[in-house]
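The next block holds one structure in the form of structure tokens; read it before the comments.
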Amino acid sequence: MAVEAGIGLTWYRHVGDAGRIVSLEQFGASADARTLFAEYGLTAENVAQAARESLAATRD
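Quick note: to get this note's numbering, add 181 to the position in the sequence shown (first position is 1).
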């Protein structure tokens with residue numbers, strides 16, 4: 182599981198096949214961090230969901 186406030190590309194080698202990455206994949210937007218994170222899905226809810234998916238994938 183990786184959470185990155187930037188491009189997640191480099192994390193794939195660390196999280197493995199069952200791993201999930203929650204990251205910001207866009208650049209150029211201008212607002213405070215709270216607004217940008219909510220707009221682009223970098224939220225506690227999405228991180229928790231990705232963690233559940235990663236755990237489920239390890240059981241398969």
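Quick reminder that beta carbons are idealized off the backbone N, C-alpha and C, glycines included.
Residues that DSSP places opposite residue i in a beta bridge
i: V203; result: V184
8 Å Cβ cutoff met for residue i and residue j
i: L223; j: L236; result: no
i: W192; j: A183; result: yes
i: E234; j: R194; result: no
i: Y221; j: Q207; result: yes
i: N227; j: V203; result: yes
Alpha carbon of residue i to alpha carbon of residue j, nearest angstrom
i: L190; j: A225; result: 20 Å
i: G209; j: A186; result: 13 Å
i: F218; j: R240; result: 30 Å
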